[in-house]
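See structure below.
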Amino acid sequence: RGIFFSLPPPQTRRRPCSPLAMKFGKRLAELSRSDWSVNYIAYKSLKKILNQLGTEALKNARVEGQFLTELMASIHEVNQFYLEKEHEQAEQLEQLAVVLAKPQMWVSQPLKQPLRNVTLAALVPMLEAGKHVPAEHLEALSAFVLLCDDVDMLRKFSVLNYLAVNKIVKKHDKQSTLSLREGMANFVGEQSFYTSTILATTFTQAQCIASEVIAAVTGSSVVAHSDDYSCCICFEVLNMPVVLSCAHRFCYGCLARACFYDHHCPLCKKQTNLDPSNYHINPVLTEFVDVHFDCPKVATKRKLAADTDDQQPHHLLAPMCALCEPSREQTRAEQSAADHPPPASTPAATPTCMSSAPMPAVETPTRLAPAGSSSSAISAPA
Numbered sequence: 033r034g035i036f037f038s039l040p041p042p043q044t045r046r047r048p049c050s051p052l053a054m055k056f057g058k059r060l061a062e063l064s065r066s067d068w069s070v071n072y073i074a075y076k077s078l079k080k081i082l083n084q085l086g087t088e089a090l091k092n093a094r095v096e097g098q099f100l101t102e103l104m105a106s107i108h109e110v111n112q113f114y115l116e117k118e119h120e121q122a123e124q125l126e127q128l129a130v131v132l133a134k135p136q137m138w139v140s141q142p143l144k145q146p147l148r149n150v151t152l153a154a155l156v157p158m159l160e161a162g163k164h165v166p167a168e169h170l171e172a173l174s175a176f177v178l179l180c181d182d183v184d185m186l187r188k189f190s191v192l193n194y195l196a197v198n199k200i201v202k203k204h205d206k207q208s209t210l211s212l213r214e215g216m217a218n219f220v221g222e223q224s225f226y227t228s229t230i231l232a233t234t235f236t237q238a239q240c241i242a243s244e245v246i247a248a249v250t251g252s253s254v255v256a257h258s259d260d261y262s263c264c265i266c267f268e269v270l271n272m273p274v275v276l277s278c279a280h281r282f283c284y285g286c287l288a289r290a291c292f293y294d295h296h297c298p299l300c301k302k303q304t305n306l307d308p309s310n311y312h313i314n315p316v317l318t319e320f321v322d323v324h325f326d327c328p329k330v331a332t333k334r335k336l337a338a339d340t341d342d343q344q345p346h347h348l349l350a351p352m353c354a355l356c357e358p359s360r361e362q363t364r365a366e367q368s369a370a371d372h373p374p375p376a377s378t379p380a381a382t383p384t385c386m387s388s389a390p391m392p393a394v395e396t397p398t399r400l401a402p403a404g405s406s407s408s409a410i411s412a413p414a
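Going by my numbering, the sequence shown opens with residue 33, and the numbers climb by one from there.
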């Protein structure tokens, strides 16, 4: 008989659960705002209902009806709360924008210490009423910082509830013979908390106000080449900016061309109706760009590269798809490589994502003239 060796059991150490491995219910509870907790999707309650599904057909029919009724009611409550907060924040920002307009006129003394990459929330506690800014404006700045936090939380509120619906519907379809995924995706895609652009407009206007206040308080200027004010398709300064519901900004002409290929945000891929007839040029962002960015919009022949494994730099010489490249840095690197094309003997290939037909021409409206002089205030859109 052979000899058997007895090895000691391996010592196992329990690893801490990473946030990504954490169950969605716990993540939702941790990321939810405490005073808004009753307004989120009732994920735990819906999960308990699904656990009642079994093998009895009559009981399952009752459970299915209860689940769908509570899910629809929960989505309705989320949507109503979102609309209420969205309009409330837009009205509050409109009032604060009047007080905080033209910060270079009411900031009496900038902060002396050099500050870089600092947020407005970190700057406000450093300001003294009567020394740096008037008491009225300091009070408005404090309210503005709180409002910015609320705007960001409402944005997260929208994303978390969208994910919660997807998760609970996916769990339902695994346990039931009835599939709700497609129908519920279409239903949620029509809700205001997913499609509305009011919050994105509020977020954009708040960012413009914050940029001007930070520049005035620190005695600096608005960053001339900030990615926040450049188009994610052409990488140039925004021209007639259009803000999508996801708050990503694009030039009118660039976004109009993108609609020929897909109806998703070119950056985050959120499903969006890119029909140019639905575009609304953001007046606040337009004025902000015209005031702080002197460089005019120059027509460019740059096009994004297709996301294929066999992509080569010389492929950039052919017409490109503007939507299927997820990495901005990779695109810029390929554009740089395109400036030094290979010898003429190397054949140019067409990307596999589209035909070699050129991109359709899009009629772009005339550029809007800046409202007022270069020192015009950033005010709420009419």
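The beta-carbon is built from N, C-alpha and C at its ideal position, and this holds for glycine as well.
>> Using a Cβ-Cβ cutoff of less than 6 Å, which residues in the same chain neighbour L155 once the five nearest sequence positions on both sides are dropped?
In response: Taken in chain order, the residues that qualify are V249.
> How about C264 and P315: do their beta carbons lie closer than 9 Å?
Replying inline: No, the Cβ-Cβ distance between C264 and P315 is not below 9 Å.
>> Let me make sure I understand the geometry here. Which of R213, A105, S243 has the alpha-carbon closest to that of L317?
In response: Nearest C-alpha to L317: S243.
> What is the DSSP secondary structure of F282, reduced to helix, strand or coil?
Replying inline: Here F282 sits in strand by DSSP.
> Buried or exposed: which applies to S211, given that a residue is buried once 16 or more other Cβ atoms fall within 10 Å of its Cβ?
Replying inline: Looking at its Cβ environment, which holds fewer than 16 other Cβ atoms inside 10 Å, S211 is exposed.
>> Spatial neighbours of H295 within its chain, please: C-beta separation below 7 Å, excluding the five flanking residues on both sides.
In response: Excluding sequence positions up to five before and after H295, its CB lies within less than 7 Å of the CB of Q303, T304, N305, L306, all in the same chain and listed in chain order.
> Using a Cβ-Cβ cut-off of 7 Å (strictly less than) and excluding sequence neighbours within five positions of H204, which residues of its own chain qualify?
Replying inline: The answer, listed in chain order, is L82, F99, L212.
> Among G285, V275, C278, which has the Cα closest to the Cα of N266?
Replying inline: Note on residue identity: the sequence assigns Cys, not Asn, to residue 266. Closest option to C266, Cα to Cα, is G285.
>> For V274, report the span of its beta strand (DSSP E) as first-last.
In response: Per DSSP, V274 belongs to the beta strand (DSSP E) from 273-275.
> Since V131 contacts A93 with CB under 8 Å, what's their CB separation in whole angstroms?
Replying inline: Between A93 and V131 the Cβ distance is about 58 Å, and since that is not below 8 Å, they are no contact.
> Would you call S388 buried or exposed, if buried means 16 or more other Cβ atoms sit within 10 Å of its Cβ?
Replying inline: Caution applies to S388, whose pLDDT of 36 falls short of 50 and renders its modelled position unreliable; the value that the coordinates give is listed next. Exposed: under 16 other Cβ atoms inside 10 Å.
> For S253, which three-state DSSP category applies?
Replying inline: Correct three-state label for S253: coil.
> Between which two residues does the alpha helix (DSSP H) carrying T101 extend?
Replying inline: Unbroken alpha helix (DSSP H) run through T101: 89-131.
> Mapping DSSP to helix, strand and coil, what is V220?
Replying inline: Residue state, collapsed to three classes: helix.
> Rounded to whole angstroms, how far is the Cβ of S262 from the Cβ of A232, which I believe are closer than 8 Å?
Replying inline: Here S262 is actually not in contact with A232; their C-beta atoms are around 17 Å apart, not less than 8 Å.
>> My assumption, with CB atoms under 8 Å, is that S224 sits in contact with Y72. Please give the rounded CB distance.
In response: In this structure S224 is not in contact with Y72, their Cβ atoms being roughly 16 Å apart against a cut-off of 8 Å.
>> Which of the three DSSP states is assigned to V150 in this structure?
In response: DSSP places V150 in the coil class of the three-state scheme, outside both helix and strand.
>> I'd like the list of long-range same chain contacts for D67, defined as Cβ closer than 6 Å, with 5 residues on each side in sequence excluded.
In response: For D67, where only same-chain residues beyond five positions count, there are no Cβ hits under 6 Å.
> So, are the CB atoms of V197 and L85 less than 9 Å apart?
Replying inline: Against a cut-off of 9 Å, the Cβ pair of L85 and V197 comes out as no contact.
> Excluding the five sequence neighbours on either side, which residues of its own chain have a C-beta within less than 8 Å of the C-beta of P308, listed in chain order?
Replying inline: So the qualifying residues of the chain are Y284, L287, A288, C291, V394.
> Can you round the beta-carbon distance between V321 and V274 to whole angstroms, since I take them to be within the 8 Å contact cut?
Replying inline: Actually they are not in contact, since the Cβ atoms of V321 and V274 sit about 12 Å apart, beyond 8 Å.
> S208 by DSSP, collapsed to three states: which one?
Replying inline: S208: coil per DSSP, three-state reduction.
> In angstroms, rounded to a whole number, what distance separates the CA positions of N111 and D182?
Replying inline: Near 17 Å, if we compare the C-alpha coordinates of D182 and N111.
> In chain order, what residues of the same chain have a beta carbon less than 8 Å from the beta carbon of T229, not counting five sequence neighbours either side?
Replying inline: These residues qualify, in order along the chain: V275, L276, S277, H312.
> Could you give the C-beta distance for A153 and V191, rounded to a whole number, given that I count them as a contact under 8 Å?
Replying inline: At roughly 21 Å, the Cβ-Cβ gap does not stay under 8 Å, so A153 and V191 are not in contact.
> What whole-angstrom Cβ distance do K79 and I200 have, given they're in contact under 8 Å?
Replying inline: Indeed they touch by this definition, with Cβ atoms about 7 Å apart.
>> Less than 8 Å between C-beta atoms, sequence neighbours within five positions excluded: which residues of the same chain meet that for G34?
In response: Caution applies to G34, whose pLDDT of 48 falls short of 50 and renders its modelled position unreliable; the model cannot decide the point.
> Going by other Cβ atoms of all chains shown within 10 Å of its Cβ, with 16 needed for buried, is P135 buried or exposed?
Replying inline: Classification for P135: buried.
> Under the three-state reduction of DSSP, which class applies to S243: helix, strand or coil?
Replying inline: Three-state result, S243: helix.
> Helix, strand or coil: which one does DSSP assign to Q141?
Replying inline: Three-state DSSP puts Q141 in coil, outside helix and strand.
>> On the criterion of 16 or more Cβ atoms from any shown chain inside 10 Å, does E319 qualify as buried, or is it exposed?
In response: By the neighbour-count rule (16 or more Cβ atoms within 10 Å), E319 is buried.
> Near T236, which residues of its chain fall below 8 Å by C-beta distance, leaving aside the five closest residues on each side in sequence?
Replying inline: So the list reads V275, A279, R281, N314, V316, L317, once near-sequence residues are dropped.
> In terms of DSSP beta bridges, what is A161 paired with?
Replying inline: The partner list for A161 (beta bridge, DSSP) reads V165.
>> Give me, in chain order, the residues of the same chain whose beta-carbon lies closer than 8 Å to that of L186; leave out the 5 immediate sequence neighbours on both sides.
In response: The residues Y114, K117, E118, Q121, L231, in chain order, have a CB closer than 8 Å to that of L186 in the same chain once the five nearest residues on each side in sequence are set aside.
> Which value, in whole angstroms, describes the spacing of the CA atoms of G97 and T234?
Replying inline: Straight-line Cα distance between these residues: approximately 39 Å.
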